[in-house]
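Peer 1:
There are 4 protein chains.
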Amino acid sequence: MDIENLDAMLQKAFDESSKIYQSRGFQRRIGFGRKPALISVDLANAWTRPGNPFTCDMQKMDKEIIPGMQRLLEACRKNGHVVVHVTTAYQNTDRNDPHNDMGMWHHKIPVEAVSLADEDLWAIDSRIAPIQGEWVMMKKRASAFSGTPLAGYLRGCGVDTVLVTGVTATACVRTTICDGLADGFRTIAVKECIGDRVPGAVAWNLYDIDAKFADVETVDTCVNYLNNVEGFNDRRS
Amino acid sequence: MDIENLDAMLQKAFDESSKIYQSRGFQRRIGFGRKPALISVDLANAWTRPGNPFTCDMQKMDKEIIPGMQRLLEACRKNGHVVVHVTTAYQNTDRNDPHNDMGMWHHKIPVEAVSLADEDLWAIDSRIAPIQGEWVMMKKRASAFSGTPLAGYLRGCGVDTVLVTGVTATACVRTTICDGLADGFRTIAVKECIGDRVPGAVAWNLYDIDAKFADVETVDTCVNYLNNVEGFNDRRS
Amino acid sequence: MDIENLDAMLQKAFDESSKIYQSRGFQRRIGFGRKPALISVDLANAWTRPGNPFTCDMQKMDKEIIPGMQRLLEACRKNGHVVVHVTTAYQNTDRNDPHNDMGMWHHKIPVEAVSLADEDLWAIDSRIAPIQGEWVMMKKRASAFSGTPLAGYLRGCGVDTVLVTGVTATACVRTTICDGLADGFRTIAVKECIGDRVPGAVAWNLYDIDAKFADVETVDTCVNYLNNVEGFNDRRS
Amino acid sequence: MDIENLDAMLQKAFDESSKIYQSRGFQRRIGFGRKPALISVDLANAWTRPGNPFTCDMQKMDKEIIPGMQRLLEACRKNGHVVVHVTTAYQNTDRNDPHNDMGMWHHKIPVEAVSLADEDLWAIDSRIAPIQGEWVMMKKRASAFSGTPLAGYLRGCGVDTVLVTGVTATACVRTTICDGLADGFRTIAVKECIGDRVPGAVAWNLYDIDAKFADVETVDTCVNYLNNVEGFNDRRS
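Given below as structure tokens:
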């Protein structure tokens, strides 16, 4: 038994779990709604480029996440859909200052690596750069909804569906999805556009998410939906 | 390669991940603070007893979670610590009524199985029944902090540390922990007192939680802390 | 100068203020949206009937608020609009117990007067009793949105406009309106259906609300809107 | 009866109201706690200097608010207390763009007057400029707690008491105080350091606040407390 077999073993666990979930009424489809927004989480240089503690799996980033995001952004912009680019940075990254704005999170992970003073770290990756009218929202916690005006903003825009992309599956993406559902939105996790930095993390977290918190859908399906919202076959259960 | 080897395979994945996390500055210890609260999530009959879609792994429930909770409750009560028993139920479980109070969650999981009208379903398990002065808090979403006054209540009590127990690791426990950290509390996941209903879910979710959101600690350590808060060696990083 | 002249004096202050507000671009109209909900705040017996510390101005209650609410409810029910009846009560009203669920509010006002154990206190007034499918939502704080799943519930229902009624203008109604706006809803304060218990409080608070947080509209206008949402002349600015 | 008599008339209304409030158990004292923070709301140039739609009563600003704030800041800095400078600005102030980040508030007030691009507008007034380690927190809504990580930040700092100053009494100060109480903090409104721009607004709103949401205390009392937290006679009711 070797780590190369991890994916196969996870699939066995997922198959076993799905039997239980389906017999109990979990793993339902939430479906796509009538007014989507794309919520792109932490696709900023500290996460998308090499050399930072937050740097993610670069192969997935360059080969899948960024190209997928480019397709999603094109579809959103062509159709006038809401796009929010979420990033994370801190004004005071001195861990010895008990009043720093990192809250409690620096007691678990190296958030001191993202200083507000170094804009290059938290700027959105230039390959998917925001355009005029797309909100770049700064957060301090894992979830894009936690301690931010995001839910109210989306409701004000009339949005009923959030397509979530970015990093990491384990933390900021998963918490954003869980909060999005709780805040009243149809939640879609875009399969190829969600990354992480440790083995198995994307697979396991997307499995949990799909079972309980959001539909995991491909970029193809999402682009098709974004181009054809009115006519889309929403499978509301 | 067989499902019986799942735990061993997961351990390999965790070992691999921990190398990356530790070289990057993740997996820090948040430590125990000076005023704890025990937050027990969904240890109500629909989850702790057989026969409901939400029923969890009964062996773990009866052999580990309930006995562990009894020890934690005894230590809390002896020392006057805050205890909150969290449960979940809905007034209107008609899935065809677009105005039911299940929000969006019934589009993913069978929350219609917990009706407010059937108190036996959402009552806290009698083996760990609340006593006078312990708040039984009703929630509607996964996290005990989402759409509830819990954070404000705990701040009002002066609590700085939450010990989280209950079910499930995948959903209500994990989201409660993530929100607890974001809301400014030291977060402790009590290892033996967190359950689920599908294979590997407890192991994987506790691993993610320990890496980024809370310290996973044993019942023994937590009971020791609850009995000795002032003298406890808090390892604040 | 006598207290009987209070209303006339307040009107002078409002006239003076309105000159400033209008020259600066305040007092805009938010307008009615496309999917309303009626949010009725604390029209429960402790507030609507004599004999409780929370009892409000009974003349206004019996002559204006309750009859107005009956007309609003009739229009909502006829048209299938969302109605939420909000009430307030506490499990532990012992002010000497530092872990009671009253948070900090009993340090300012007599919330110990509304015990969860005495259902008659927090039950919605029978003259405007909830019907099947209308959610009775329990809150612990002033605002109907604070520490409750209300915003997520309304978003899940597709609601974009909240018509707020109830008591008191100074506290629970005003905070509900401020939060409703922040959470992304068009906010309407129903003029005749908002009460209080001290002189001038309704007039002053409705003035502030109309200047900055919601449109103050009559029952007639609101009933007309509720009966004719699609055709209503929304004045979105 | 003339507008010059407004204050005297308001005092009559307050006296009448206080009789009712006191006989009912309102107007209690919440008292000062053991770890304070100063929350200064919107004392940025758009509010503190002439020429903006948000400009407040300049006489009160220059003669009372700024000098009072200087004394409070000095006491906080000498004693290492937490200070948060709150300000407000928007990335996209195009009212015709339905996806602008102003949410719904531009439908009521001229928030388009505070563009993020013009730092001079939202920069904290230089007379009370932040020093190293003091967090400058950007908000989008009225309350400093709404859509921000403030509550979690304060809990992480161990704060139990918030002293609130700034503008305006009607909007951002009052909502901040109401939310601060709901979020579990002892709330103190600093009498001389709260302003507005229309007649009577400060008096009326401070009266409502003191009756139900916070203790209104003088700068002298607050400075004394900040210099002597441990020994302060807290009057917790």
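Residue numbers (my numbering), protein chains in the order written: chain A, 2 to 238; chain B, 2 to 238; chain C, 2 to 238; chain D, 2 to 238.
For glycine and all other residues, C-beta sits at the position ideal for the given N, C-alpha and C.
(1) Using a Cβ-Cβ cutoff of less than 8 Å, which residues in the same chain neighbour Pro111(A) once the five nearest sequence positions on both sides are dropped?
(2) For the stretch 106-122 of chain C against the stretch 163-182 of chain B, do three or more pairs of beta-carbon atoms, one drawn from each stretch, fall closer than 8 Å, so that the two count as touching?
(3) Thinking His82(C) and Ala38(C) are a contact (beta carbons under 8 Å), I'd like their distance in whole angstroms, please.
(4) Near Gly201(D), what residues of its chain come up, given a Cβ to Cβ distance below 8 Å and the 5 sequence neighbours on each side ignored?
(5) How many Å lie between Glu99(B) and Thr176(D) at the Cα?
(6) Name the residues in the stretch 79-99 of chain A whose C-beta lies less than 7 Å from a C-beta of chain D; which are they?
(7) My guess is that Asp211(C) and Gln28(C) are in contact by the Cβ rule of under 8 Å, so how many angstroms apart are they, rounded?
(8) Would you mind giving the Cβ-Cβ distance between Gln92(A) and Ile129(A), rounded to the nearest angstrom? I have them listed as a contact below 8 Å.
(9) Which whole runs of the beta strand (DSSP E) in the stretch 91-154 of chain B are 3 residues long or more, in chain order?
(10) Taking any Cβ of chain B, which residues in the stretch 109-134 of chain A have a Cβ under 7 Å from it, in chain order?
(11) Let me see if you follow: with CB-CB separation under 8 Å, is Pro54(A) close to chain B or not?
(12) Short check: CB of Cys223(D) to CB of Leu73(D), under 8 Å?
(13) Within 10 angstroms of its Cβ, does Pro51(C) collect 16 or more other Cβ (buried), or is it exposed?
(14) Quick one: grab the DSSP three-state call for Thr56(A).
(15) Please name the residues in the stretch 131-158 of chain A whose beta-carbon is closer than 9 Å to at least one beta-carbon of chain C, in chain order.
(16) For Asp1(C) and Asn46(C), what's the separation of their Cα atoms in angstroms?
(17) Need the endpoints of the alpha helix (DSSP H) that Gly69(C) sits in, please.
(18) Mind checking Met62(C): buried by the 16 CB within 10 Å criterion, or exposed?
(19) Opposite Pro51(B) in the DSSP bridges: which residues?
(20) Identify which residue in Thr89(D), Lys79(D), Thr171(D) and Pro150(D) has its Cα closest to the Cα of Arg198(D).
(21) How would you call Ser18(A), buried or exposed, if buried means at least 16 neighbouring beta carbons within 10 angstroms?
(22) Express the C-alpha separation of Gly134(B) and Asp16(D) in angstroms, rounding to a whole number.
(23) If you measure between the beta carbons of Gly153(A) and Ala183(C), is that distance less than 8 Å?
(24) Just the C-alpha distance for Val168(C) and Thr94(C), rounded to the nearest angstrom, thanks.
(25) Quick check on this structure: which residue in Lys192(C), Cys158(C), Ala14(C) and Met103(C) has the alpha carbon closest to the alpha carbon of Met103(B)?
(26) Quick check on Asp102(B) - is its C-beta less than 8 Å from some C-beta in chain C?
(27) For Ala183(B), would you say it is in contact with chain D, using Cβ-to-Cβ distances shorter than 8 Å as the test?
(28) Looking at the secondary structure, which residues open and close the alpha helix (DSSP H) in which Thr64(D) lies?
(29) Are Gly185(B) and Met105(A) close, meaning C-beta to C-beta below 8 Å?
(30) Are the C-beta of Tyr22(C) and some C-beta of chain D separated by less than 8 Å?
(31) Listed from N- to C-terminal order along the chain, which residues in the stretch 168-200 of chain D have their beta-carbon within a distance smaller than 8 Å of any beta-carbon of chain B?
(32) Find the residues of chain A that neighbour Asp216(C), judging by a C-beta separation of less than 7 Å, and give them in chain order.
(33) Looking at the C-beta of Glu17(A), does it have a partner C-beta in chain B at a distance below 8 Å?
(34) So, with DSSP's three-state summary, where would you put Glu5(B)?
(35) Tell me which same chain residues have a C-beta within less than 6 Å of the C-beta of Asn101(B), skipping the five on either side of it?
(36) Residues of chain D with CB under 7 Å from Met105(A), in chain order?
Peer 2: Well, looking at it:
(1) Excluding the 5 residues flanking it on each side, Pro111(A) has same chain C-beta neighbours closer than 8 Å at Pro54 and Phe55, in chain order.
(2) No contact exists between the stretch 106-122 of chain C and the stretch 163-182 of chain B.
(3) Between His82(C) and Ala38(C) a beta carbon distance of about 7 Å is seen, short of the 8 Å cut, so the two are scored as contacting.
(4) Counting only residues of its own chain and dropping the five nearest sequence neighbours on each side, Gly201(D) has a CB closer than 8 Å to the CB of Leu7, Asp8 and Leu11.
(5) Residue 99(B) is actually Pro in this sequence, not Glu. As the crow flies, the alpha-carbon of Pro99(B) is around 32 Å from that of Thr176(D).
(6) Under the 7 Å Cβ criterion, the stretch 79-99 of chain A contributes Val83, Gln92, Asn93, Asp98 and Pro99.
(7) Rounded, the Cβ-Cβ distance is 7 Å, consistent with contact.
(8) Contact flag wrong, Cβ pair sits at about 25 Å.
(9) 136-140, all fully within the stretch 91-154 of chain B.
(10) Cβ proximity to chain B below 7 Å picks out Lys109, Ile110 and Pro111 from the stretch 109-134 of chain A.
(11) Contact with chain B is found for Pro54(A), since one of that chain's Cβ atoms lies less than 8 Å from the residue's Cβ.
(12) Yes; because the gap between Cβ atoms is below 8 Å, this pair is in contact.
(13) By the 10 Å Cβ count, Pro51(C) comes out exposed.
(14) DSSP places Thr56(A) in coil when its eight states are reduced to three.
(15) The stretch 131-158 of chain A vs chain C, Cβ under 9 Å: Pro150, Ala152, Gly153, Tyr154, Leu155, Arg156, Gly157 and Cys158.
(16) Outside the displayed range of chain C (2 to 238) lies residue 1(C), so it cannot be described from this structure.
(17) In this chain, the alpha helix (DSSP H) harbouring Gly69(C) covers Ile67 to Asn80.
(18) In summary, Met62(C) is buried, with 16 or more beta-carbon neighbours lying within 10 Å of its beta-carbon over all protein chains present.
(19) In the DSSP secondary-structure assignment, Pro51(B) is not bridged to any residue.
(20) Checking every option, the nearest Cα to that of Arg198(D) belongs to Thr171(D).
(21) Here Ser18(A) is buried, its C-beta having at least 16 other C-beta atoms within 10 Å.
(22) One alpha carbon belongs to Asp16(D), the other to Gly134(B), and they sit about 38 Å apart.
(23) It is a contact, given that the beta carbons lie within the stated cut-off.
(24) Val168(C) and Thr94(C) have their C-alpha atoms spaced approximately 21 Å apart.
(25) The candidate whose alpha carbon is nearest that of Met103(B) is Cys158(C).
(26) Chain C, which has a Cβ nearer than 8 Å to the Cβ of Asp102(B), makes this yes.
(27) It does: the Cβ of Ala183(B) has a partner Cβ on chain D nearer than 8 Å.
(28) Note on residue identity: the sequence assigns Lys, not Thr, to residue 64(D). In the DSSP annotation of this structure, Lys64(D) is not part of any alpha helix (DSSP H), being labelled neither H nor E.
(29) It is a contact, given that the beta carbons lie within the stated cut-off.
(30) The C-beta of Tyr22(C) comes closer than 8 Å to at least one C-beta of chain D.
(31) The stretch 168-200 of chain D vs chain B, Cβ under 8 Å: Ala183, Asp184, Gly185 and Phe186.
(32) For Asp216(C), there are no C-beta contacts with chain A under 7 Å, since the nearest C-beta of that chain is about 16 Å from it.
(33) Closer than 8 Å: yes.
(34) Residue state for Glu5(B) is assigned as helix, using DSSP reduced to three classes.
(35) So the list reads Asn93 and Asp95, once near-sequence residues are dropped.
(36) Within 7 Å Cβ-Cβ: Gly157.
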